[in-house]
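In terms of the working numbering, the sequence shown opens at residue 1481 and continues consecutively. See structure below.
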Amino acid sequence: MKVYPQCAECSSFHCSRVPLEKIDDTVLPSFCPMKNMKETIQSAITKYGEDHVKRIYVPATITEKKAYQVVRGVLMGVLPRIKELIEFAKLVDAKKLGLAFCVGLRDEAARTVAFLKEAGFTVASVCCKCGAVDKTELGAAEDHKIGAAFQFEAACNPIVQAQLLNEAETEINVIVGLCVGHDMLFTIHSKAPVTTLIVKDRLLGHNPVAALYSNYHKHVVKS
Ligand code: SF4
């Protein structure tokens, strides 16, 4: 039977504390990829030497470091994610950023653009409904509409978002609240690397992690 990684079920996380060459295989869980998939891990590590990877990886690591400071003797996170995005974009010398946003988060999108412009970037932004196409024209059925059937219901259009930002030659694209699945299509079609600033959660104020902690929300997830 093929063994596949199940790191989320690990209780030791040796990988986060001990260099590989000092880890005794016998202390690792049976599903640990460092035990069973050594070749894959080695081949992945060689990719960090490639220029297009280095160009993102090293600034990401520097941004991660900048996000911490010792405050009153305690190492703690000090940067909101939007500031990390700004720091990262400056490190990779990006000048033009793209925003692919959900119409339901247009206020958040406008605020994001204002911050990014103030930080010195040129920003192109595309709303998910751009194209003004009915959902049925993109393959959905009338009864897939949220509102009444046979009434115009604008489709989310992540491929249009990606293509317009590709034509604008943005260097980093930022997702603000795209739907599950639409975000995937956007990412697949975006030429620029994609990061997410806001994950849409219609119930939880765009804070999906709340469902993992609250008994009330657990019932909704399991129902
Ligand atoms: S790599 Fe191994 S030690 Fe690290 S979390 Fe996964 S299973 Fe645990």
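Ideal Cβ placement from N, Cα and C applies to all residues, glycine included.
Residue environment for leucine 1683: exposed (fewer than 16 other C-beta atoms within 10 angstroms of its C-beta).
Taking 8 Å as the cut-off, the Cβ atoms of asparagine 1637 and leucine 1645 do not count as close. About 6 Å separates the CB atoms of alanine 1648 and glycine 1578; that is less than 8 Å, so the two are in contact.
According to DSSP, residue pairing for serine 1496 in a beta bridge does not occur. For alanine 1634, there is no enclosing beta strand (DSSP E), as DSSP marks it with neither H nor E. Every alpha helix (DSSP H) stretch that sits fully inside the region 1522-1552 and reaches 4 residues is listed by chain position as 1531-1546. In this structure, ligand 1 has no non-hydrogen atom nearer than 7 Å to the beta-carbon of leucine 1500. Excluding the 5 residues flanking it on each side, lysine 1597 has same chain C-beta neighbours closer than 8 Å at Val1603, in chain order.
Rounded to whole angstroms, phenylalanine 1595 and leucine 1565 show a C-alpha spacing of 11 Å.
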